[in-house]
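Peer 1: Got a structure for you, questions after.
Residue numbers (our numbering), protein chains in the order written: chain U, 22 to 611; chain B, 22 to 611.
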């Protein structure tokens, strides 16, 4: 993989490197940290177009148009590289990228799961490339090879043909986190995923892993499948175990899992640090707004006593090498893309000035260039992708008399984890309803409402009367409620909103959060998104939500790779045994 | 790039990794050096087919067919990887590979320059792939993008279309050493090579560099061209300079340039050692026979005090990563190809036992498997590629009366380097001839004899009456002689031989060395080749040859990128100024 460079620019680089021509931009009077040798030395940086022509003392010509940046003794380090992340709903792929650049992260790799499902592969592929072309930082994509909530016609989205089409794009680097890894371990039957993984390697791309909770024995077996990495270590021992097996270790600190502190001691147990990188794995908007992205992870590492050389390597050349983009990204060196952070010194990874693709993009944490997301044709890009939300009466939400009683409910013990508990049902209308005060009936449908899966969730938020959202990992519709009436009302409001999240408190107050981008993302600025995310958290907390971030709860109640009970197209399922505890109801023939 | 693995084998690896099935081969009771962490720990190694299924204590089933290797406390390290080499004429791509395996080098990357020119791109591409498929070690190829001796229709061999065809093969990893780098530095005109380099990157392959003698300023400019590496540093400072620029540094120790000792201090001047590897860059057969290949370079590094961890990294995972083959080669880890060297301990890189592609291939430096080169269909592979050698009378070799007098002769000061000296000519027959006792007239022609370039070389070997060879870097015919008669005789003998090197001493004794593979390579075993190479060196020394290896002299007298005078299709040229001192004579219309 490579970021391409046309011959005209190469010729300018060659001339400028020899000081035969003036650069477009000259950063002078600073020092440069060399990512290859670990040295720091005074050097100017001459830039042509989006690439670095020369690093060293500049004695060549300057043109009138040459922009000068006085580095004033600051230290230049490479722009930070985020090898695996997800834009969350209150942001979007462009706005998260803009925020990232302001904090020195100039390259991001996004998982395309949800937008791909929401828009369909063909239209999304067009959009993904348009986003990559418009984006301020480098935006690359990785393609999912399986859903997080099994459904019937997955091949359309995840099959070999669909993957192959995506891989024709230079913006696709490989296959995304292999969440469905248990399938790979079946030694009696080859998972179709195996040939998808090999096909990915055949076209020079890589396979990203996701081996959350895999035992050492399973992990060792997964290391034989052609997967390159794992970002799911949560202890230093797990990280070391992965590295020993030859997996690239992406040390994660996300808003959902702030594991970096626990992981860092691992760095002392290995002689080599070249196959280790940082990742935020999708940090919530307020978290990013408060703390930053990769810059925050570097700061945490430095605070914990990690050396400058290792901390900055894990944020720059290492992830670029992991992504096989190291000929273009991850270094302040001739020929590389001019992504440069100027730091007051290496103790402070938050850049005073950020150069992204050859232009001064941010100073002191604030963007100083036009924001691409403001001009992006969102409306055209997403035309026809608005979620098709059914209008259902309250009868649709009542649990039928045939529902098991007591009902195997999902008790929420963590934003993303449920435990099975029985909940007794009482007769209600022509059906049944849970009597527990902290229980919500859950209904999950696909877009279009062809089927409905019902379940019960406890310990979400006692003061939440009802909630409906289009932000679920199955890219369907999730409704939670204390009564059938409130559920029907919430769904109806969601339909009027056109996609997003609506909720009603037990005091009867409504809050609405619009995700006009295919029902998955907001299309405003990152700052607006962070405000909305805080407002959503705040209202949920006021309703009694006591876990880390309610967004993850909505997202993952449909996720059939997390314990213990989940709602999928098949029904209300016990994940571990793959048992349908209460089947879905088909509502239409198609 | 990847070495592919079929699904059936993946399934066996997955089962065996979980100890649900028996391995084909179990190495037990040894220790394993972990290339990722630098740890050494006791471990068994379970192998299925050509891949490693598990590294760790084996408690699973063994089948009757399971082959057991008792490691008896030996240390397993990955098979060594040679990232850049050339088979020399007394060996060939298969026989050098067989020798390499016996010394623990289980992967070699070959430059295809000479065979490609000798056979033509289409036929050679077929052969290259057949060699890679038949070879005992992994054999990959890199494609030249320019000749080493300019000629008219280079595009057929080096143009974008020719390169593209080669890159469709999984056995081609990229473009070969960019010897014609001065062309890239012309800032006024884009060299067509620039787009070839970018096209290479576009298809996920890499560009290998060769920046011999480039000044710091030129080197810095070359680093902007999309080239990944350089193996031409000859001092520690030059190595550091290359690393700082972001070039992979291949530390060379060849028979022509034994530079490793001078280069090693460089390792102390960098914090990071992940972009450094060893290369032999084509070691002469006797040198390999005496000392080994990559195993020898590791030994030199260890003797110089380099740590085990760095020395073995530079021979294994680092070159595999450079080649982008690190998902398959360079590690003793699950899923990797089973290329394993068992060492008595890490102080002794010469393996006691070599496993190559999953089979025990060598013990104590001796192959214990059938030798693929013995069964290779050389005759069919090379049918029609015998060099077309003209039959010329002695008149062809006399310098015409029009030749400059004094003649700008090439004084050989090193096996590969000449300096210009004037040599007076005396009248002889209907032309002229040098009177100096240590001067040879040189004639170079293409195969087919369409043109002839004449020159004079001094200080080759006073006792050499005549020599003719098809082993030249222009893949033409080179004749040296003290008299026109002897030159004609030598050419005639070369024609009868069908390709190779023939020579006559001043005592009138003839020696012949046959290169039946397209006039470029011997087709015997490596041991036979080493004997022949020694015999050739010995007879040349007896004639007074006083430089390191006469093979390089024959090879490079036609090489227009080495100083100072060379013979090319254009004529007898002064390289630095690109001046034709004495033009070639066209002999036929085509």
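The beta-carbon is built from N, C-alpha and C at its ideal position, and this holds for glycine as well.
As the structure is a computational prediction, the values presented were derived from the model and not from experiment.
Rounded to a whole number of angstroms, what is the C-alpha to C-alpha distance between residue 554 of chain U and residue 543 of chain U?
Peer 2: 10 angstroms
Peer 1: Is the CB of residue 36 of chain B under 8 angstroms away from at least one CB in chain U?
Peer 2: Contact with chain U is found for residue 36 of chain B, since one of that chain's Cβ atoms lies less than 8 angstroms from the residue's Cβ.
Peer 1: So which residues of chain U does residue 379 of chain B contact, with C-beta pairs closer than 8 angstroms?
Peer 2: Listed by position along chain U, the residues whose Cβ is nearer than 8 angstroms to that of residue 379 of chain B form an empty set, because the closest Cβ is around 13 angstroms away.
Peer 1: Counting pairs of beta carbons, one from the region 135 to 151 of chain B and one from the region 378 to 385 of chain B, are three or more of them closer than 8 angstroms?
Peer 2: no
Peer 1: Once DSSP output is grouped into helix, strand and coil, what is the label at residue 141 of chain U?
Peer 2: coil
Peer 1: Do you know offhand how far residue 214 of chain U's Cα is from residue 205 of chain U's?
Peer 2: 7 angstroms
Peer 1: Pairing CB atoms from the region 42 to 59 of chain U with CB atoms from the region 332 to 340 of chain U, are three or more of them under 8 angstroms?
Peer 2: yes
Peer 1: Give, in chain order, every residue of the region 176 to 208 of chain U whose Cβ lies closer than 9 angstroms to some Cβ of chain B.
Peer 2: 191, 205, 206, 207, 208
Peer 1: Below 6 angstroms CB to CB, which residues in the same chain sit around residue 495 of chain U once its five sequence neighbours on both sides are set aside?
Peer 2: 170, 579
Peer 1: State yes or no: is the beta carbon of residue 557 of chain B nearer than 8 angstroms to at least one beta carbon in chain U?
Peer 2: no
Peer 1: So if I threshold CB-CB distances at 7 angstroms, which residues from the region 206 to 225 of chain B count as touching chain U?
Peer 2: 206, 208, 211, 215, 216, 219, 222, 223, 225
Peer 1: Skipping 5 residues on each side, what residues in its chain have a beta carbon closer than 8 angstroms to that of residue 249 of chain U?
Peer 2: 195, 227, 228, 229, 230, 268, 269, 343
Peer 1: Along chain B, which residues have their Cβ under 9 angstroms away from the Cβ of residue 266 of chain U?
Peer 2: Here the neighbours are 57, 76, 354, 355, 356.
Peer 1: Count the other CB atoms within 10 Å of the CB of residue 510 of chain U; is the residue buried (16 or more) or exposed (fewer)?
Peer 2: buried
Peer 1: So with Cβ pairs under 8 angstroms, would you call residue 367 of chain U a contact of chain B?
Peer 2: no
Peer 1: Which residues, in order along the region 288 to 300 of chain B, keep a beta-carbon less than 9 angstroms from a beta-carbon of chain U?
Peer 2: 290, 291, 292, 293, 294, 295, 296
Peer 1: What three-state label does DSSP hand residue 343 of chain U in the structure shown?
Peer 2: Here residue 343 of chain U carries a helix assignment [DSSP, helix/strand/coil].
Peer 1: Let's see if you can read the secondary structure: which residues bound the alpha helix (DSSP H) around residue 33 of chain B?
Peer 2: 28 to 38
Peer 1: Below 9 angstroms on C-beta distance, what does residue 25 of chain B contact in chain U?
Peer 2: 219, 222, 223
Peer 1: I need the boundaries of the beta strand (DSSP E) containing residue 486 of chain B, first residue and last residue.
Peer 2: 485 to 490
Peer 1: Kindly indicate which residue of B:137, B:154, B:150 has the alpha-carbon position closest to the one of residue 178 of chain B.
Peer 2: B:137
Peer 1: Could you work out which residues of chain B lie near residue 39 of chain U, taking near to mean beta carbons separated by less than 9 angstroms?
Peer 2: 206, 208, 238, 239, 241, 242
Peer 1: Between the Cα of residue 551 of chain U and the Cα atoms of U:110, U:489, U:47, which residue gives the shortest distance?
Peer 2: U:110
Peer 1: Would you say residue 345 of chain B lies against chain U (beta-carbon separation less than 8 angstroms)?
Peer 2: yes
Peer 1: Note down, in chain order, each residue of its chain lying with its Cβ closer than 6 angstroms to the Cβ of residue 466 of chain B, except the 5 sequence neighbours on either side.
Peer 2: 473, 497, 498
Peer 1: In the DSSP output, what is residue 251 of chain B paired with across the bridge?
Peer 2: B:270
Peer 1: Express the C-alpha separation of residue 430 of chain U and residue 564 of chain U in angstroms, rounding to a whole number.
Peer 2: 20 angstroms
Peer 1: Strictly below 8 angstroms CB to CB, what residues from chain U border residue 154 of chain B?
Peer 2: The contacting residues do not exist; residue 154 of chain B stays about 17 angstroms from chain U at best.
Peer 1: Taking the alpha-carbon positions, what's the residue 224 of chain U to residue 539 of chain B distance?
Peer 2: 34 angstroms
Peer 1: Give me whichever residues DSSP pairs with residue 410 of chain U in a beta bridge.
Peer 2: Looking at the DSSP assignment, residue 410 of chain U forms no beta bridge with any residue, so it has no partner.
Peer 1: DSSP state of residue 399 of chain U, grouped into three classes?
Peer 2: helix
Peer 1: Using the rule of at least 16 other Cβ atoms within 10 Å of the residue's Cβ for burial, across every protein chain shown, is residue 518 of chain B buried or exposed?
Peer 2: buried
Peer 1: Shortest alpha-carbon distance to residue 203 of chain U belongs to which of U:324, U:239, U:174, U:289?
Peer 2: Among U:324, U:239, U:174, U:289, the Cα nearest to that of residue 203 of chain U is on U:239.
Peer 1: Does the count of Cβ pairs from the region 73 to 91 of chain B and the region 319 to 331 of chain U closer than 8 angstroms reach three?
Peer 2: no
Peer 1: Helix, strand or coil for residue 613 of chain B per DSSP?
Peer 2: Because chain B is modelled from 22 through 611, residue 613 of chain B falls outside the range shown and cannot be assessed.
Peer 1: Would residue 31 of chain U pass as an interface residue toward chain B - the criterion being a Cβ-Cβ separation below 8 angstroms?
Peer 2: For residue 31 of chain U, at least one C-beta of chain B is nearer than 8 angstroms to its own C-beta.
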